[in-house]
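**Student:**
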Amino acid sequence: MMNDVRILDHGLLRLVDSMGSDLAIARNARVSYDAEWRAGEDKGSDARLIGYLYKNGHNTPFEAVSVTFEVKAPIFVFRQWHRHRTQSYNELSARYRELPEEFYVPELSQITTQSTDNKQMRTEHQNPAAEVIRNAISSSNTDSFGVYRDLLRQGCPRELARSVLPVGTYSHMFATANLNNWFKFLAERLHPHAQYEIRVYAEEILRQLETVAPIAVSAFKVTTLGYQK
Numbered sequence: 005m006m007n008d009v010r011i012l013d014h015g016l017l018r019l020v021d022s023m024g025s026d027l028a029i030a031r032n033a034r035v036s037y038d039a040e041w042r043a044g045e046d047k048g049s050d051a052r053l054i055g056y057l058y059k060n061g062h063n064t065p066f067e068a069v070s071v072t073f074e075v076k077a078p079i080f081v082f083r084q085w086h087r088h089r090t091q092s093y094n095e096l097s098a099r100y101r102e103l104p105e106e107f108y109v110p111e112l113s114q115i116t117t118q119s120t121d122n123k124q125m126r127t128e129h130q131n132p133a134a135e136v137i138r139n140a141i142s143s144s145n146t147d148s149f150g151v152y153r154d155l156l157r158q159g160c161p162r163e164l165a166r167s168v169l170p171v172g173t174y175s176h177m178f179a180t181a182n183l184n185n186w187f188k189f190l191a192e193r194l195h196p197h198a199q200y201e202i203r204v205y206a207e208e209i210l211r212q213l214e215t216v217a218p219i220a221v222s223a224f225k226v227t228t229l230g231y232q233k
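Here the numbering used here runs 4 ahead of the position in the sequence shown, where the first position is 1.
1. Out of Val9, Asn60 and Met23, which one is the CA nearest neighbour of Thr227?
2. Check Tyr174 in the structure and name its three-state DSSP category.
3. Could you round the C-beta distance between Gly172 and Asn139 to whole angstroms and report it? I think they count as a contact, below 8 Å.
4. So, do the stretch 211 to 218 and the stretch 19 to 28 have three or more beta carbon pairs nearer to each other than 8 Å?
5. According to DSSP, simplified to helix, strand and coil, what is Asn185?
6. How far does the alpha helix (DSSP H) with Ile141 in it reach, from first residue to last?
7. Would DSSP call Gly48 helix, strand or coil?
8. Would you report the Cα separation of Tyr200 and Asp38, rounded to the nearest angstrom?
9. Determine contact between the stretch 50 to 57 and the stretch 218 to 226, defined as no fewer than three beta-carbon pairs at a distance below 8 Å.
10. What first and last residue would you give for the beta strand (DSSP E) that runs through Thr72?
11. Could you give the first and the last residue of the continuous beta strand (DSSP E) run that contains Asn94?
12. Give a yes or no on whether the C-beta atoms belonging to Asn184 and Asn63 are separated by under 8 Å.
13. Among Gly150, Arg31, Val81 and Phe187, which one has its Cα closest to the Cα of His176?
14. Note down, in chain order, each residue of its chain lying with its Cβ closer than 8 Å to the Cβ of Ser119, except the 5 sequence neighbours on either side.
15. With a threshold of 16 other CB atoms inside 10 Å of the CB of Ala179, please say whether the residue is buried or exposed.
16. Looking at Leu169: is its Cβ nearer than 8 Å to the Cβ of Lys76?
17. Name, in chain order, the residues that DSSP records as bridge partners for Gly15.
18. Can you give the beta carbon distance from Gln84 to Ile202, rounded, assuming they're within the 8 Å contact cut?
19. According to DSSP, is Asp121 helix, strand or coil?
20. Is DSSP giving Ala28 helix, strand or coil here?
21. Among the residues of its own chain, which have a CB less than 7 Å from the CB of His129, if the five just before and after it don't count?
22. For Ala68, which residues of its own chain have a beta-carbon under 7 Å away from its beta-carbon, when the five flanking residues on both sides are left out?
23. Note down, in chain order, each residue of its chain lying with its Cβ closer than 6 Å to the Cβ of Ser142, except the 5 sequence neighbours on either side.
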């Protein structure tokens, strides 16, 4: 449905399928009054209704919209992503195919220092050894893929050979969720404390969801993210 959007050094995100829209949300809400037929008659009324629903936690009408994204990202990003268990996932399996030599090497600007206040975060202060660190990350991944290729050449089963690959290796999946659960994902992964490497995917998901249900996304941005109307 949309073109691939490149993220990080080898990643991508693409909206591949969707069902429903702002109209579906309004229709599902209005059925409570046996008035679903009113949905779409007055866009301003529908917009006010959707804003009210989201602000007051009436979430089930948002579940009438379903969206599937194709995602290519480092495995460590997927490990965080898969904590959102309300999504449905289908991922590339290294048991079935040999993985291409693609791994994440951060930009120098992202190689900072470890936070002392928040044990899971980096700071915004450039690490003086950033270039050395970046080279070490790249060479370590290259070495791991070299071992992986050697194991495969020696007849090692793919399901065992993959055990030497680092979590910076890129994987590929489809992720499907209803709009209510995409909003829950975004509320966590757009937070300033979320890791940069998953936050950039969340930012693009937010942008692409606006093409599906712009009124609902606007309500999310105002209520959850603090945007001004």
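Glycine included, C-beta positions come from ideal geometry on N, C-alpha and C. If you're wondering where the values come from, they're calculated on a predicted model, not measured in any experiment.
**Tutor:** On the basis of the data shown:
1. Within the sequence shown, residue 227 is the residue found at index 223, counting from 1. Measuring from the Cα of Thr227, the nearest candidate turns out to be Asn60.
2. For the purposes of this step, residue 174 is taken as residue 170 along the sequence shown, with counting starting at 1. If DSSP states are grouped into helix, strand and coil, Tyr174 belongs with the strands.
3. One-based indexing of the sequence shown puts residue 172 at position 168. One-based indexing of the sequence shown puts residue 139 at position 135. No, Gly172 and Asn139 are not in contact; Cβ-Cβ is about 14 Å, not under 8 Å.
4. yes
5. Residue numbering aside, residue 185 sits at position 181 when the sequence shown is read from its first letter. Three-state result, Asn185: helix.
6. Within the sequence shown, the letter at position 137 stands for residue 141. Start and end: Ala134 to Arg157.
7. On the sequence shown, residue 48 is found 44 positions in, with the first residue counted as 1. Correct three-state label for Gly48: helix.
8. To locate residue 200, count along the sequence shown from 1; it is residue 196. To locate residue 38, count along the sequence shown from 1; it is residue 34. Approximately 45 Å, taken between the alpha carbons.
9. yes
10. For the purposes of this step, residue 72 is taken as residue 68 along the sequence shown, with counting starting at 1. Note, Thr72: beta strand (DSSP E), Ser70 to Pro78.
11. As a working mapping, residue 94 is identified with position 90 in the sequence shown. It spans Ser92 to Glu95 - the beta strand (DSSP E) in which Asn94 sits, taken as one unbroken run.
12. Your numbering for residue 184 matches position 180 in the sequence shown. Your numbering for residue 63 matches position 59 in the sequence shown. Cβ distance < 8 Å, so Asn184 and Asn63 count as in contact.
13. The sequence position of residue 176 within the sequence shown is 172, counting from 1. Cα-wise, what sits closest to His176 is Val81.
14. Reading the sequence shown from its first residue, position 115 is the one you call residue 119. Around Ser119: Met125, Arg126 and Thr127.
15. Numbered from its first residue, the sequence shown carries residue 179 at position 175. So Ala179 ends up on the buried side.
16. Taking the sequence shown and counting its residues from 1, one reaches residue 169 at position 165. Taking the sequence shown and counting its residues from 1, one reaches residue 76 at position 72. Against a cut-off of 8 Å, the Cβ pair of Lys76 and Leu169 comes out as no contact.
17. Numbered from its first residue, the sequence shown carries residue 15 at position 11. Looking at the DSSP assignment, Gly15 forms a beta bridge with Ile11.
18. Counting from one through the sequence shown, the residue named residue 84 turns up at place 80. Counting from one through the sequence shown, the residue named residue 202 turns up at place 198. That pair is a contact at about 5 Å.
19. Numbered from its first residue, the sequence shown carries residue 121 at position 117. Residue state, collapsed to three classes: coil.
20. As a working mapping, residue 28 is identified with position 24 in the sequence shown. Ala28 falls in the helix class under three-state DSSP.
21. Start at 1 with the first residue of the sequence shown, and residue 129 comes out as number 125. The residues are Thr116 and Thr117.
22. On the sequence shown, residue 68 is found 64 positions in, with the first residue counted as 1. Contacts found: Gly24, Ala28, Ile29 and Asn32.
23. Position 138 of the sequence shown holds residue 142. Contacts found: Val109.
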